[in-house]
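Student:
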Amino acid sequence: MYQAIYGFVSGNMIEVIGTLLVLIIAMLLYKRGKTEFVRNIVLALVTEAEKRYGDGTGELKYHMVVERIYEVLPWILRLLYSKNQIDHMIEEAVDYLKRYLSDGKNLLGYGGDSGA
Numbered sequence: 011m012y013q014a015i016y017g018f019v020s021g022n023m024i025e026v027i028g029t030l031l032v033l034i035i036a037m038l039l040y041k042r043g044k045t046e047f048v049r050n051i052v053l054a055l056v057t058e059a060e061k062r063y064g065d066g067t068g069e070l071k072y073h074m075v076v077e078r079i080y081e082v083l084p085w086i087l088r089l090l091y092s093k094n095q096i097d098h099m100i101e102e103a104v105d106y107l108k109r110y111l112s113d114g115k116n117l118l119g120y121g122g123d124s125g126a
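At the far end of the sequence shown sits residue 126, using our numbering, and the numbering has no gaps.
Following this line, the structure appears as C-alpha cells:
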C-alpha cells in the first residue's frame, strides 16, 4: 500500500508540488478576503462582552471573546488565523471601543447627554 502511494507521489512529483502550491495560494487569498469579516466579528464580540461584564473584568471579557470566536468562525478561518493574529484583532477592537466610548457615546449609540 505504502509502496503504491510512494510510487505515485515520486512519479508525479511536479503535479503534487503544483497542486500544493495552488491550494496554499488559494487559502491565502481566501484569508486575505475574509480579514475584514473576522475583524467585524471580533469587534461585535468585544462589544457584547463589554455590555455583559462592564468595567474591571478584562480577563473575563478576553476569555469570553476568545471562546466565542472559535464557536462562531467557520472551521477554515480557524485554521487560517493564528492565536497571535486573533489576539491582535481583539486588541484593535478594544482600542477602537475605548476611543468610541471616550467620545461620550454609549454602547446603545446615543450620546452621553441624551437624558434617557
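Glycine residues also receive a C-beta, built at the ideal position from the N, C-alpha and C atoms.
1. Is the CB-CB distance between L53 and A103 below 8 Å?
2. If we ignore side chains and look at the alpha-carbon of each, how far apart do T29 and L107 end up?
3. How many Å lie between G121 and L89 at the Cα?
4. Here's the rule I'm using: 16 or more other beta-carbon atoms within 10 Å means buried, otherwise exposed. How should M99 be labelled?
5. Once the 5 residues before and after M37 are set aside, which same chain residues still bring their CB inside 7 Å of it?
Tutor: In short, the structure shows the following:
1. As a position in the sequence shown, residue 53 is number 43, starting the count at 1. As a position in the sequence shown, residue 103 is number 93, starting the count at 1. It is a contact, given that the beta carbons lie within the stated cut-off.
2. Within the sequence shown, numbered from 1, the residue matching residue 29 stands at position 19. Within the sequence shown, numbered from 1, the residue matching residue 107 stands at position 97. When rounded, the distance between both Cα atoms is 43 Å.
3. Here residue 121 is taken as the residue at index 111 of the sequence shown, counted from 1. Here residue 89 is taken as the residue at index 79 of the sequence shown, counted from 1. Confidence at G121 is low in this model, with a pLDDT of 49, below 50, so its placement is unreliable and the value that follows should be read with caution. Near 40 Å, if we compare the C-alpha coordinates of L89 and G121.
4. Walking along the sequence shown from the start, residue 99 turns up at place 89. Buried.
5. Position 27 of the sequence shown holds residue 37. The answer, listed in chain order, is L90.
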